[in-house]
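In numbering that gives the first Met the number 0, the protein residues as written are 0 to 179.
All C-beta atoms, glycine included, are put in the ideal place defined by N, C-alpha and C.
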Amino acid sequence: MNVIIMAGGKATRLKGVKKPLLRICGKRLVDIVVEIAKTLAEDGKVYVCVSDHVRELVNESFGENVEVILCPGKDYVEDLNYILSMVKPPVLVLPSDLPFITLDIVRKFIELASVKETDVITLTVCSNNCREVGISLFNSYGGTWVNIEFPDIPELKDVDTEEDLKLVESLCVSMEDVVR
Numbered sequence: 000m001n002v003i004i005m006a007g008g009k010a011t012r013l014k015g016v017k018k019p020l021l022r023i024c025g026k027r028l029v030d031i032v033v034e035i036a037k038t039l040a041e042d043g044k045v046y047v048c049v050s051d052h053v054r055e056l057v058n059e060s061f062g063e064n065v066e067v068i069l070c071p072g073k074d075y076v077e078d079l080n081y082i083l084s085m086v087k088p089p090v091l092v093l094p095s096d097l098p099f100i101t102l103d104i105v106r107k108f109i110e111l112a113s114v115k116e117t118d119v120i121t122l123t124v125c126s127n128n129c130r131e132v133g134i135s136l137f138n139s140y141g142g143t144w145v146n147i148e149f150p151d152i153p154e155l156k157d158v159d160t161e162e163d164l165k166l167v168e169s170l171c172v173s174m175e176d177v178v179r
């Protein structure tokens with residue numbers, strides 16, 4: 000399976016901090032998800048979609064079978080459409096801002112998504128309300144989609160704001176065994 004990592008955001012709610020380069024619990028966010036993606040892309044390739052905001056990643060080597068693509072950088076949807084036009088489905092899309100994401104959680108999502116007969120399956124995190132965290136499986140590029148709900152657990156906590164950053168940094172010690 001091919002895997003796309005979305006790593007080009009402007010991080011405007013983090014005052015322009017280059018999110019993929021943020022170090023949480025001693026590891027860069029982008030490195031955490033690249034490691035998982037490489038395991039999942041056994042028969043495919045990993046594509047890291049970056050923009051001018053994190054241009055320094057363009058020349059970075061993440062190892063075999065990982066290609067860094069400079070995307071337009073206008074917004075998430077445009078970048079996603081741009082890179083999807085280059086990659087044959089099925090393709091898994093992962094964000095680069097989940098510091099505690101685990102291979103087990105992504106595999107569980109893929110397992111649940113594999114029985115859905117729809118074009119796009121998206122992972123949503125639900126407690127009082129549901130929110131997308133950027134994990135989707137594209138079986139094709141049509142218009143049908145379905146959400147798969149996961150509980151609001153630390154492994155699916157994304158970093159969008161300064162408050163989020165403080166929270167995940169405070170969780171480093173308690174999450175150490177989960178993510179290592």
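| query | Residue ranges of each beta strand (DSSP E) run of no fewer than 3 residues wholly in the stretch 82-133, ordered along the chain? | reply | 90-94, 119-125
| request: Please go through the same chain and pick out, in chain order, the residues whose beta-carbon is closer than 7 Å to the beta-carbon of alanine 40, but skip the five residues on each side of it. | output: Met0, Asn1, Val2, Asn64
| Nearest-angstrom Cα distance between serine 60 and glutamate 148? | Straight-line spacing of the CA atoms in serine 60 and glutamate 148 works out to 34 Å.
| request: Please report the residue range of the alpha helix (DSSP H) in which glycine 66 lies. | output: Correcting the residue identity first, residue 66 is glutamate in this sequence and not glycine. Looking at the DSSP string, glutamate 66 is not in any alpha helix (DSSP H); the run it does join, the beta strand (DSSP E), is 65-69.
| task | Would you mind reading off the limits of the alpha helix (DSSP H) that contains valine 29? | result | 28-39
| query | When the Cβ atoms of the stretch 87-94 are set against those of the stretch 22-40, are three or more pairs found closer than 8 Å? | reply | yes
| said: Judging by CA-CA distance, which residue of Leu13, Gly62, Tyr81 is the nearest neighbour of leucine 69? | reply: Measuring from the Cα of leucine 69, the nearest candidate turns out to be Tyr81.
| task | Assign serine 95 to buried or exposed, taking buried as 16 or more other Cβ atoms, counted over all protein chains shown, within 10 Å of its Cβ. | result | Around the CB of serine 95, 16 or more other CB atoms lie within 10 Å, so the residue is classed as buried.
| request: List the DSSP bridge partners of arginine 22. | output: Arg27
| request: Give every residue of the same chain whose Cβ lies closer than 6 Å to the Cβ of aspartate 51, excluding the five residues on either side of it in the sequence, and list them in chain order. | output: Gly72
| query | What residues match up with tyrosine 140 in a beta bridge as DSSP calls it? | reply | Per DSSP, tyrosine 140 has no beta-bridge partner at all.
| What separation, rounded to the nearest whole angstrom, lies between the Cα atoms of tyrosine 75 and aspartate 30? | 20 Å
| With C-beta atoms as the reference, is valine 16 less than 8 Å away from valine 33? | Valine 16 is not a Cβ neighbour of valine 33, given a cutoff of 8 Å.
| task | Report yes if the C-beta distance between valine 114 and leucine 122 is below 8 Å; otherwise report no. | result | no
| message | Can you list, in chain order, the residues of its chain with a C-beta nearer than 8 Å to that of arginine 179? Leave out the 5 residues immediately preceding and following it. | response | Any answer about arginine 179 is weak, because its pLDDT of 49 lies below 50 and its placement is not dependable; what the coordinates show is given next. So the list is empty, once near-sequence residues are dropped.
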